[in-house]
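Colleague:
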Amino acid sequence: MPEKSYHNIHMIAIGGSAMHNLALALQKNGFNITGSDDKIYEPSRTRLAEAGILPETEGWDPSRISEDTDLVILGMHAKEGNPELEKARELGIKIMSMPEYVYEASKNKQRIVIGGSHGKTTITSMVMHVLQHVKKEFDYFVGAQVPDFDIMVRLSDAAVIVIEGDEYLSSAVDPVSKFLRYHHHIGVISGIAWDHANVFPEFENYLKQFEDFADQTPKAGTLIYNREDDHTKTIGEKNRDDVASIAYGTHPHRIRDGKAFLVTDFGEIEVQFFGAHNMSNLCAAKEICKQLCIVDLDFYEAIRSFRPAQRRLELLAENDTQSFYRDFAHAPSKVKASVSALKSLRPERNLLAILELHTFSSLQESFVKEYRNSLDPADIAVVFLDKEVVELKGNKAFSEQEIRVAFANSNIRVFYNADDLNRFLIEQEKENTDVVFMSSGNFGNLDINSWISKLAI
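Numbering-wise, UniProt numbering puts 401 at position 401 of the sequence shown, and it's gapless, one number per residue.
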């Protein structure tokens, strides 16, 4: 549990996905929480409002910081020079990044940290689901909405905490990869593919974060790594004194009639997820659970009822000849994994894949070529760029030809506003077609459910 000496906690950039969940968890634990942000979107806004801790006004106001403030937690969204941050410094108030605080709150626990360019949310949520199923007390910190869990952070007296470990930087004043702040006992690296080009402009610098993470594994600690990824395999096979290195691969499985089955010593087990990448994620979760003394039979019994986290190949609607999915995929490796998974699930159907280029990295000329061949499994591939949003970010929207060259796919359709995309989708063959919308954004603020209603037969 966090120290009660930090009773009055102010959170700068409270509206973020992880930050607002941390705020809700701390308030539930009896702390007095205040916060600020320059913009707060849904669902953070409603959840903070229902808890009574939504800032009255948006923006930064140094008067929110006083001598009564015991601690300031600084989110990554807040920049150096933030007036509330400066006021806290003037008053000598302790300032922590979010990962620093989570470590402070869990330093007496066994810490399991799941890192990787892709799959970490799914692995974390699988472990959470299994631990809940076997009724094992545990704490957790995860960045996405996980089924059957209300708040995505729990900090209690439990002896174990499961943490989704992001490689992005901790805060403007703590420019260290988040997962390095947690000081794991059991660490996982699910795969490495260049991302976050805004803070890691070269792949070598990005790769070094994972090397440092692995090297941070303490004596008598455990490093679990994906042997099917060349980079993680190299890192995992390095000799580290008194560290157990455990390699995993892809779980045997079958697809039958559009459903996925695990092939196990206990027979075939139907599961509610699919795709080779998720079968790899499953193996990582299984190895973690072994470290927590959960036997295979109990693991498989629990995993039958596991449902992926929100926007992880999330099924939005389906009928006899169509299925519609929403996916958070935005990095090249995630896009390729999701599109390949959907095509392998029902190869007899056409697959329409719509990808929004939304993140800073995806809009950089030096990075966009990483998407090469990522949409090839789709029968119809679409790339969407909200031109207005791209230009507001200080970037120039790629031309159609630049997109096709970067993706190495001459058949890609490119759209720059939601109305044109909407018209194109309505014109498409609807029968015997699966559709996936992939983005960490929102496709120009259009309601995807309205698209589904137009596309559905």
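We put the beta carbon where it would ideally sit given N, CA and C, even for glycine.
Just the Cα atoms here: how many angstroms apart are Val390 and Glu137?
Modeller: Taking the straight line from one Cα to the other gives about 45 Å.
Colleague: Report the option in Lys28, Tyr182, Met11 whose CA atom is closest to the CA atom of Thr69.
Modeller: Closest option to Thr69, Cα to Cα, is Met11.
Colleague: Among the residues of its own chain, which have a CB less than 8 Å from the CB of Ser170, if the five just before and after it don't count?
Modeller: The answer, listed in chain order, is Met76, Ser97, Met98, Pro99, Glu100, Val176, Ser177, Lys178, Arg181.
Colleague: Does DSSP put Gly236 in a helix, in a strand, or in coil?
Modeller: Three-state result, Gly236: helix.
Colleague: Run through DSSP, which three-state label would His253 get?
Modeller: In the structure shown, His253 sits in a strand (DSSP, three-state: E or B).
Colleague: Going by C-alpha distance, which of Asn422, Lys396, Phe324 is nearest Val435?
Modeller: The option with the nearest alpha carbon to Val435 is Phe324.
Colleague: Tell me the DSSP secondary structure of Pro62 in three-state form.
Modeller: In the structure shown, Pro62 sits in a helix (DSSP, three-state: H, G or I).
Colleague: Taking only the alpha-carbon atoms, compute the straight-line gap between Thr121 and Arg45 and give it to the nearest angstrom.
Modeller: Approximately 22 Å, taken between the alpha carbons.
Colleague: CB-CB under 7 Å to Tyr103, same chain, minus the five flanking residues each way: which ones, in chain order?
Modeller: Taken in chain order, the residues that qualify are Arg181, Tyr182, His183.
Colleague: State yes or no: is the C-beta of Gly191 within less than 8 Å of the C-beta of Ser333?
Modeller: Contact: yes.
Colleague: Quick check on Met438: does DSSP put it in helix, strand or coil?
Modeller: Three-state result, Met438: strand.
Colleague: At the level of alpha carbons, what is the spacing between Tyr371 and Leu71?
Modeller: Tyr371 and Leu71: Cα-Cα distance of roughly 42 Å.
Colleague: Buried or exposed, going by whether 16 or more other CB atoms sit within 10 Å of the CB of residue 458?
Modeller: In this structure the chain extends from 1 to 457, so residue 458 is not present and cannot be described.
Colleague: With Phe407 as the anchor, note down where its alpha helix (DSSP H) starts and where it stops.
Modeller: Where Phe407 is concerned, the enclosing alpha helix (DSSP H) stretches over 400-407.
Colleague: What residue range does the alpha helix (DSSP H) around Thr46 cover?
Modeller: Residues 44-50.
Colleague: Which same chain residues end up closer than 8 Å to Ala23 when comparing Cβ atoms and leaving out the 5 residues on each side of it in sequence?
Modeller: Once the five neighbours on either side are set aside, the close Cβ partners of Ala23 are Met11, Ile14, Ile33, Gly35, Leu48, Ala51, Ile53.
Colleague: Which whole runs of the alpha helix (DSSP H) in the stretch 260-301 are 4 residues long or more, in chain order?
Modeller: With a minimum length of 4 residues, the continuous alpha helix (DSSP H) runs that stay inside the stretch 260-301 are 276-291.
Colleague: Could I get the ranges of all uninterrupted beta strand (DSSP E) runs contained in the UniProt domain "Mur ligase N-terminal catalytic" (8-108), with 3 residues as the minimum, in chain order?
Modeller: Listed in chain order, they are 8-12, 32-36, 71-74, 94-97.
Colleague: Roughly how many angstroms lie between the CA atoms of Gln401 and Ala309, to the nearest whole one?
Modeller: Taking the straight line from one Cα to the other gives about 35 Å.
Colleague: Less than 7 Å between C-beta atoms, sequence neighbours within five positions excluded: which residues of the same chain meet that for Gln364?
Modeller: Only Ala197 meet the Cβ criterion.
Colleague: Can you give the beta carbon distance from Leu106 to Leu155, rounded, assuming they're within the 8 Å contact cut?
Modeller: It is worth fixing the name first, because residue 106 is Ser in this sequence and not Leu. At roughly 7 Å, the Cβ-Cβ gap stays under 8 Å, so Ser106 and Leu155 are in contact.
Colleague: Nearest-angstrom Cα distance between Ile235 and Leu131?
Modeller: The straight-line gap from Cα to Cα measures roughly 28 Å.
Colleague: If you run the structure through DSSP and keep just helix, strand and coil, what is Arg423?
Modeller: Of the three classes helix, strand and coil, the one that applies to Arg423 here is helix, per DSSP.
Colleague: In three-state terms, what does DSSP make of Ser323?
Modeller: In the structure shown, Ser323 sits in a strand (DSSP, three-state: E or B).
Colleague: Tell me the residue span of the beta strand (DSSP E) that contains Val176.
Modeller: Residues 174-177.
Colleague: Residues bridged to Asp139 by DSSP?
Modeller: Beta-bridge pairing links Asp139 to Ile161.
Colleague: Would you identify the three-state DSSP class for Ser171, choosing helix, strand or coil?
Modeller: It is a strand residue.
Colleague: Any beta carbon of chain C sitting closer than 8 Å to that of Thr121?
Modeller: As a matter of chain content, chain C is missing from the structure shown, which is built from one protein chain.
Colleague: Using the Cα positions of Lys290 and Ala220, report the straight-line distance between them to the nearest angstrom.
Modeller: Cα to Cα, the separation comes out at about 16 Å.
Colleague: In whole angstroms, what separates the C-alpha of Leu316 from that of Val263?
Modeller: Distance between the alpha carbons of Leu316 and Val263 is about 27 Å.
Colleague: Give me the DSSP bridge partner(s) of Ile189.
Modeller: Partner(s): Gly115, Tyr225.
Colleague: Do you know how far the Cα of Arg64 is from the Cα of Asp229?
Modeller: So the alpha carbons of these two residues sit roughly 47 Å apart.
Colleague: Just how far apart, CA to CA, sit Asp215 and Asn432?
Modeller: The alpha-carbon atoms of Asp215 and Asn432 are separated by roughly 49 Å.
Colleague: Do Ile288 and Val127 have their C-beta atoms within less than 8 Å of each other?
Modeller: Against a cut-off of 8 Å, the Cβ pair of Val127 and Ile288 comes out as a contact.
Colleague: Assuming contact is defined by CB atoms lying nearer than 8 Å, are Val153 and Ala25 in contact in what I supplied?
Modeller: Yes, these two residues count as a Cβ contact at 8 Å.
Colleague: For the beta strand (DSSP E) that contains Leu352, what are its first and last residues?
Modeller: 350-356 is the span of the beta strand (DSSP E), which, as asked, contains Leu352.
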